[in-house]
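Trainee: Dumping the structure here so I can ask a few things about it.
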Amino acid sequence: VQFGAPEEILTQAKPHVGTDILGNVVEAMLAEITRLGGTVMTQTKLTDLRFSGTALSSVLTTRGEMPAGALVLAIGHSARDTYSMLLDRGCTVTPKDFSVGMRIEHLKSDIDRALYGDFAGHKALPYAEYNLSYNTKARGVYTFCMCPGGEVVAGASEHGGLCVNGMSAYARNGRNSNSAVCVSVYRSDYGDSPRAAIEFQRTLERAAFTAGGGDYSAPVCTVGDFLSDRACTALGAVQPTYRGGKVRGANLRALFPKELGDTLAAGLVDFGRKIQGFDAPHALLSGVETRTSAPLRLQRGDDLTMLG
Numbered sequence: 001v002q003f004g005a006p007e008e009i010l011t012q013a014k015p016h017v018g019t020d021i022l023g024n025v026v027e028a029m030l031a032e033i034t035r036l037g038g039t040v041m042t043q044t045k046l047t048d049l050r051f052s053g054t055a056l057s058s059v060l061t062t063r064g065e066m067p068a069g070a071l072v073l074a075i076g077h078s079a080r081d082t083y084s085m086l087l088d089r090g091c092t093v094t095p096k097d098f099s100v101g102m103r104i105e106h107l108k109s110d111i112d113r114a115l116y117g118d119f120a121g122h123k124a125l126p127y128a129e130y131n132l133s134y135n136t137k138a139r140g141v142y143t144f145c146m147c148p149g150g151e152v153v154a155g156a157s158e159h160g161g162l163c164v165n166g167m168s169a170y171a172r173n174g175r176n177s178n179s180a181v182c183v184s185v186y187r188s189d190y191g192d193s194p195r196a197a198i199e200f201q202r203t204l205e206r207a208a209f210t211a212g213g214g215d216y217s218a219p220v221c222t223v224g225d226f227l228s229d230r231a232c233t234a235l236g237a238v239q240p241t242y243r244g245g246k247v248r249g250a251n252l253r254a255l256f257p258k259e260l261g262d263t264l265a266a267g268l269v270d271f272g273r274k275i276q277g278f279d280a281p282h283a284l285l286s287g288v289e290t291r292t293s294a295p296l297r298l299q300r301g302d303d304l305t306m307l308g
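Heads up, the sequence shown is in the working numbering, so the first residue is 1 and it goes up one at a time.
Pasting the structure below:
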């Protein structure tokens with residue numbers, strides 16, 4: 001709030017800043033770091049580490065070598081080049097379970113009506129949100145990052161791969177609401193190694209890129225098509241928001257390993273029992289969502305070093 005976020009986030013149970021406001025908030029934070037004597041180096045890439053024994057001595061960057069006695073890696077879930085460098089340097093990196101899936105879009109008015117009934121549209125009510133889960137006892141499916149009145153956005157970070165995400169502006173005044181629908185991926189699914197975990201994600205992203213026509217159009221299909229395990233037949237009332245509608249019809253279910261695709265389908269049907277219309281045949285699916293969390297974990301020892 002001090003840096004420009006809406007004051008109501010101090011008391012909201014589910015605080016919402018809005019992507020359109022968040023950029024200005026971050027700029028204000030960076031300005032304050034600089035005012036306090038910090039240095040913010042944009043367009044600068046960490047390329048390597050130098051050790052003296054097991055202790056870090058310096059870091060190599062695209063701006064040269066810098067002495068460093070300590071390094072905090074807050075690199076998120078997609079810094080695959082840095083992951084690879086750390087593995088090459090013998091740092092302790094372990095694989096973990098994660099999840100993959102798709103984005104589902106409904107008309108915002110349909111979700112409001114399903115959750116609020118006759119009170120849908122009342123000025124005292126916020127746009128409706130949901131959080132759903134389903135468990136087969138072998139694997140789980142859940143919704144994640146629900147965006148009322150939002151849009152599906154591009155999340156690709158590598159050439160020849162495609163993945164999607166979701167966002168909402170502060171006003172949440174878009175026609176559609178969307179969320180991720182994700183299924184569990186276990187270490188046994190991909191080979192239980194850090195590089196195999198990343199390759200599992202990449203394989204899905206490359207398949208989505210190809211299914212979208214190779215021009216970063218997102219592959220889409222309706223829920224009806226997905227449940228019938230077929231290519232997209234025709235879009236209905238829910239029109240895609242991804243890049244202004246830059247999509248291509250595809251068989252999204254065929255992109256996933258069979259067990260994952262079947263479990264996602266079962267989850268959609270279960271969610272339709274919980275929210276009327278969630279699995280409506282005209283609801284729209286866009287793929288793939290592969291970056292819900294990092295597929296590996298950077299470990300450190302009791303002596304605070306990263307070397308194994």
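Each residue gets a CB set at the ideal place from its N, CA and C atoms; glycine is no exception.
Since the model is a prediction, treat every value here as computed from it, not as a measurement.
Confirm, please, whether the CB-CB distance from Leu285 to Val223 is below 8 Å.
Mentor: For the purposes of this step, residue 223 is taken as residue 223 along the sequence shown, with counting starting at 1. For the purposes of this step, residue 285 is taken as residue 285 along the sequence shown, with counting starting at 1. Contact flag set, yes.
Trainee: So the candidates are Tyr170, Gly249, Asp262; which of them puts its Cα closest to the Cα of Asn24?
Mentor: In the sequence shown, residue 24 corresponds to position 24, counting from 1. Ranking the options by Cα distance to Asn24, first place goes to Tyr170.
Trainee: Can you tell me where the beta strand (DSSP E) holding Ser52 begins and where it ends?
Mentor: In the sequence shown, residue 52 corresponds to position 52, counting from 1. Counting along the chain, the beta strand (DSSP E) containing Ser52 begins and ends at 46-52.
Trainee: Can you tell me the Cα-Cα spacing of Gly174 and Asp110, whole angstroms?
Mentor: As a working mapping, residue 174 is identified with position 174 in the sequence shown. As a working mapping, residue 110 is identified with position 110 in the sequence shown. Looking at the two C-alpha atoms, the distance is approximately 13 Å.
Trainee: Measuring CA to CA, which of Ser179, Met146, Met102 is closest to Pro15?
Mentor: On the sequence shown, residue 15 is found 15 positions in, with the first residue counted as 1. The shortest Cα separation from Pro15 among Ser179, Met146, Met102 belongs to Met146.
Trainee: Jot down the residue ranges of each uninterrupted alpha helix (DSSP H) in the segment 223-266, minimum 4 residues, whole runs only, in chain order.
Mentor: The segment 223-266 contains these whole alpha helix (DSSP H) runs: 223-227.
Trainee: Please state whether the Cβ-Cβ distance between Val288 and Val100 is less than 8 Å.
Mentor: Start at 1 with the first residue of the sequence shown, and residue 288 comes out as number 288. Start at 1 with the first residue of the sequence shown, and residue 100 comes out as number 100. Yes. Within cutoff.
Trainee: Among the residues of its own chain, which have a CB less than 6 Å from the CB of Leu115, if the five just before and after it don't count?
Mentor: Along the sequence shown, one-based indexing puts residue 115 at 115. If we look at Leu115 and ignore the five residues flanking it on each side, its Cβ neighbours are Ala128.
Trainee: Give me, in chain order, the residues of the same chain whose beta-carbon lies closer than 6 Å to that of Ser157; leave out the 5 immediate sequence neighbours on both sides.
Mentor: For the purposes of this step, residue 157 is taken as the residue at position 157 of the sequence shown. For Ser157, where only same-chain residues beyond five positions count, the Cβ hits under 6 Å are Ser78.
Trainee: Could you pull the start and end residues of the alpha helix (DSSP H) that Pro194 belongs to?
Mentor: Residue mapping note: residue 194 aligns to position 194 of the sequence shown, counting from 1. Segment 194-211, the alpha helix (DSSP H) holding Pro194.
Trainee: Am I right that Glu105 and Asn178 are in contact with their C-beta atoms under 8 Å? What's the rounded C-beta distance?
Mentor: Position 105 of the sequence shown, counted from the start, is the residue given in the question as residue 105. Position 178 of the sequence shown, counted from the start, is the residue given in the question as residue 178. Contact holds; Cβ gap of about 4 Å.
Trainee: Exposed or buried, what is Thr143 when buried is set at 16 or more other beta-carbons lying within 10 Å of its beta-carbon?
Mentor: Translated into positions along the sequence shown, residue 143 becomes position 143. So Thr143 ends up on the buried side.
Trainee: Give me the residue from Ser228, Asp262, Val269, Gly267 with the minimum Cα distance to Ala250.
Mentor: Residue mapping note: residue 250 aligns to position 250 of the sequence shown, counting from 1. That would be Ser228, whose Cα lies nearest to the Cα of Ala250.
Trainee: Distance check for Phe200 and Gly160, CA to CA, integer angstroms please.
Mentor: By 1-based counting over the sequence shown, the position of residue 160 is 160. By 1-based counting over the sequence shown, the position of residue 200 is 200. The straight-line gap from Cα to Cα measures roughly 15 Å.
Trainee: Have a look at Ala196 and Tyr190 and give me their C-alpha separation to the nearest angstrom.
Mentor: Residue mapping note: residue 196 aligns to position 196 of the sequence shown, counting from 1. Residue mapping note: residue 190 aligns to position 190 of the sequence shown, counting from 1. So the two alpha carbons sit approximately 6 Å from each other.
Trainee: Sorted by chain position, which residues of the same chain lie with C-beta nearer than 6 Å to Gly245's C-beta, five sequence neighbours on each side aside?
Mentor: Here residue 245 refers to the residue found at position 245 when the sequence shown is read from its first residue. The answer is none, since no qualifying residue turns up.
Trainee: What did DSSP end up calling Glu8 once you bin it into helix, strand or coil?
Mentor: Position 8 of the sequence shown, counted from the first residue, corresponds to residue 8. Note: Glu8 maps to helix in three-state DSSP.
Trainee: Please report the straight-line C-alpha distance between Leu162 and Thr82, rounded to a whole angstrom.
Mentor: Here residue 162 refers to the residue found at position 162 when the sequence shown is read from its first residue. Here residue 82 refers to the residue found at position 82 when the sequence shown is read from its first residue. Going by the C-alpha atoms only, they are around 20 Å apart.
Trainee: DSSP state of Tyr127, grouped into three classes?
Mentor: As a working mapping, residue 127 is identified with position 127 in the sequence shown. Looking at Tyr127 - three-state DSSP - the assignment turns out to be coil, as it is neither helix nor strand.
Trainee: Starting from Met85 and walking both ways along the beta strand (DSSP E), at which residues does that stretch end?
Mentor: Within the sequence shown, numbered from 1, the residue matching residue 85 stands at position 85. Per DSSP, Met85 belongs to no beta strand (DSSP E); it is in the alpha helix (DSSP H), 80-88.
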